[in-house]
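**Student:** Once you've had a glance at the structure underneath, I'll fire off some questions.
2 protein chains.
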Amino acid sequence: MAQTQTLSKNQKIILDIIEKANEPLKAYSILFSVQKKGIKAPLQVYRALEKLIKLGKIHKVESRNAFIACKSSNCEISKATAFSICETCEKVTEISDQKLSKYLKNFHDKTGMIYKKYNLEFYGLCTTCKRN
Amino acid sequence: MAQTQTLSKNQKIILDIIEKANEPLKAYSILFSVQKKGIKAPLQVYRALEKLIKLGKIHKVESRNAFIACKSSNCEISKATAFSICETCEKVTEISDQKLSKYLKNFHDKTGMIYKKYNLEFYGLCTTCKRN
DNA sequence: TAACAAACGTTACATTATAACACTATGATA
DNA sequence: TATCATAGTGTTATAATGTAACGTTTGTTA
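Protein sequence lines correspond, in order, to chains A and B. Numbered according to the working numbering, the first sequence spans residues 30 to 161. Numbered according to the working numbering, the second sequence spans residues 30 to 161.
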């Protein structure tokens with residue numbers, strides 16, 4: 030049985046903030062909001078982020094340099110991520126689509142390269158911004 | 030007939046360097062190598078990069094903060110990009126796979142969001158590194 | 001309890017990217 | 001040909017993002 034990984038103090042604090050946010054957070058905005066809890070330096074934030082990513086608790090939205098909580102409950106380790114990003118309001122949503130992820134996991138290029146992970150980001154207009 | 034966009038002096042210099050490199054280049058390494066040609070400031074580089082991206086001449090590899098020349102000759106405007114990235118040697122290759130791009134262009138999520146662009150990055154082991 | 005790994009705290013620094021301002025070149029058009 | 005709009009240039013300064021290096025502390029396990 031897979032042991033539920035216990036998080037350290039800093040990791041808990043930072044995961045908590047990211048989970049409560051309904052938008053991706055930037056590292057330095059996280060830093061700012063945890064300074065009252067004794068986390069003073071960027072490295073403390075980045076180290077926790079790195080661990081949380083490895084555990085699949087959060088993902089990095091590469092094109093935005095921002096961090097978002099993982100929504101798919103059983104995402105123990107993060108190897109396959111897909112997001113939709115509204116270019117107007119910057120809303121980011123994790124896409125969980127079985128067909129899409131199956132398609133991408135099975136994708137192989139012509140060179141024979143072994144794929145271990147992927148990250149897909151769609152950019153466009155969300156339904157709210159579409160109307161305006 | 031689509032007029033071939035004429036590039037400005039700085040844009041030509043920077044595109045030239047990126048095209049001749051067989052790897053993605055970082056903005057500041059570009060800056061360093063064009064300083065003898067009179068381009069002294071980061072902004073001069075970033076402005077040219079921005080324009081070249083808009084024209085589809087180059088792409089940004091988001092997870093690496095690096096820039097690579099577009100290989101698909103008819104890529105006038107860059108809306109759909111896919112790369113494979115070797116996590117060992119950092120070799121980056123643009124993937125041009127008709128089926129993949131067709132699949133992704135036609136992909137729609139449940140929310141009804143309009144997708145204008147996407148960027149897909151696969152991470153893994155290239156054939157060379159696989160052997161070692 | 002010794003040994004090890006993981007996490008912590010801190011200072012300093014490296015890297016990546018943009019703001020703001022003034023100026024120049026170019027082509028369209030009235 | 002004046003003048004207008006647009007794109008590009010050059011410069012200084014600074015913002016934002018991310019790491020190196022060091023030593024200490026904490027927790028696990030043999």
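Quick reminder that beta carbons are idealized off the backbone N, C-alpha and C, glycines included.
Using the Cα positions of residue 107 of chain A and residue 142 of chain B, report the straight-line distance between them to the nearest angstrom.
**Tutor:** Residue numbering aside, residue 107 of chain A sits at position 78 when the first sequence is read from its first letter. Residue numbering aside, residue 142 of chain B sits at position 113 when the second sequence is read from its first letter. Straight across, the Cα-Cα distance linking residue 107 of chain A with residue 142 of chain B is about 24 angstroms.
**Student:** Enumerated in chain order, which unbroken segments of the beta strand (DSSP E) with a length of 3 residues or greater are wholly contained in the stretch 75-140 of chain A?
**Tutor:** 87-90, 95-98, 109-115, 121-123
**Student:** Got a sec: is the Cβ-Cβ distance from residue 156 of chain B to anything in chain A below 7 angstroms?
**Tutor:** Stepping through the second sequence from its first residue, residue 156 of chain B is reached at position 127. Yes, residue 156 of chain B lies at the interface with chain A (some Cβ there is under 7 angstroms from its Cβ).
**Student:** Check whether chain B comes within 7 angstroms of residue 148 of chain A, counting only Cβ atoms and requiring the distance to be less than that.
**Tutor:** Indexing the first sequence from 1 puts residue 148 of chain A at position 119. Yes - at least one Cβ of chain B is within 7 angstroms of the one on residue 148 of chain A.
**Student:** Which residues, in chain order, does the stretch 116-131 of chain B contribute to contact with chain A at a C-beta distance below 8 angstroms?
**Tutor:** 116, 122, 124, 126, 129
**Student:** Given a cut-off of 7 angstroms on the beta-carbon distance, is the pair residue 116 of chain A and residue 152 of chain A in contact?
**Tutor:** If you number the first sequence from 1, residue 116 of chain A lands on position 87. If you number the first sequence from 1, residue 152 of chain A lands on position 123. Cβ distance < 7 angstroms, so residue 116 of chain A and residue 152 of chain A count as in contact.
**Student:** Are the stretch 130-142 of chain A and the stretch 34-46 of chain B touching, with three or more C-beta to C-beta distances below 8 angstroms?
**Tutor:** Flag = no, the stretch 130-142 of chain A and the stretch 34-46 of chain B do not touch.
**Student:** Against chain A, does residue 110 of chain B count as a neighbour if the rule is that its beta carbon must be under 7 angstroms from one of theirs?
**Tutor:** As a position in the second sequence, residue 110 of chain B is number 81, starting the count at 1. No, residue 110 of chain B lies away from the interface with chain A (no Cβ there is under 7 angstroms from its Cβ).
**Student:** Cutting at 6 angstroms between CB atoms, please list the residues of its own chain near residue 74 of chain A, excluding the five before and the five after it.
**Tutor:** Position 45 of the first sequence, counted from the first residue, corresponds to residue 74 of chain A. Cβ within range, chain order: 56, 59, 60.
**Student:** For the beta strand (DSSP E) containing residue 143 of chain B, list its first residue and its last residue.
**Tutor:** Taking the second sequence and counting its residues from 1, one reaches residue 143 of chain B at position 114. Residue 143 of chain B -> beta strand (DSSP E) spans 143-154.
**Student:** Count the other C-beta atoms from every protein chain shown that fall within 10 angstroms of the C-beta of residue 71 of chain A, then say buried if there are 16 or more, exposed otherwise.
**Tutor:** Against the first sequence, residue 71 of chain A aligns to sequence position 42. When all chains shown are included, residue 71 of chain A counts as exposed.
**Student:** Counting only Cβ pairs nearer than 8 angstroms, list the residues of chain B close to residue 166 of chain A.
**Tutor:** Because chain A is modelled from 30 through 161, residue 166 of chain A falls outside the range shown and cannot be assessed.
**Student:** Chain A beta carbons: is any one of them nearer than 7 angstroms to that of residue 69 of chain B?
**Tutor:** To locate residue 69 of chain B, count along the second sequence from 1; it is residue 40. No, its Cβ sits nowhere closer than 7 angstroms to a Cβ of chain A.
**Student:** Per DSSP, which residues does residue 54 of chain B bridge with? Please list them.
**Tutor:** By 1-based counting over the second sequence, the position of residue 54 of chain B is 25. According to DSSP, which records beta bridges pairwise, residue 54 of chain B is partnered with B:96.
**Student:** Quick check on residue 42 of chain B - is its C-beta less than 7 angstroms from some C-beta in chain A?
**Tutor:** Residue 42 of chain B sits at position 13 when you count from the first residue of the second sequence. No, residue 42 of chain B lies away from the interface with chain A (no Cβ there is under 7 angstroms from its Cβ).
**Student:** Looking at the secondary structure, which residues open and close the alpha helix (DSSP H) in which residue 161 of chain A lies?
**Tutor:** Within the first sequence, the letter at position 132 stands for residue 161 of chain A. Premise fails: residue 161 of chain A is in no alpha helix (DSSP H) and is neither H nor E.
**Student:** Determine the DSSP secondary structure at residue 36 of chain A, reduced to helix, strand or coil.
**Tutor:** Working through the first sequence from its first residue, we reach residue 36 of chain A at position 7. Correct three-state label for residue 36 of chain A: coil.
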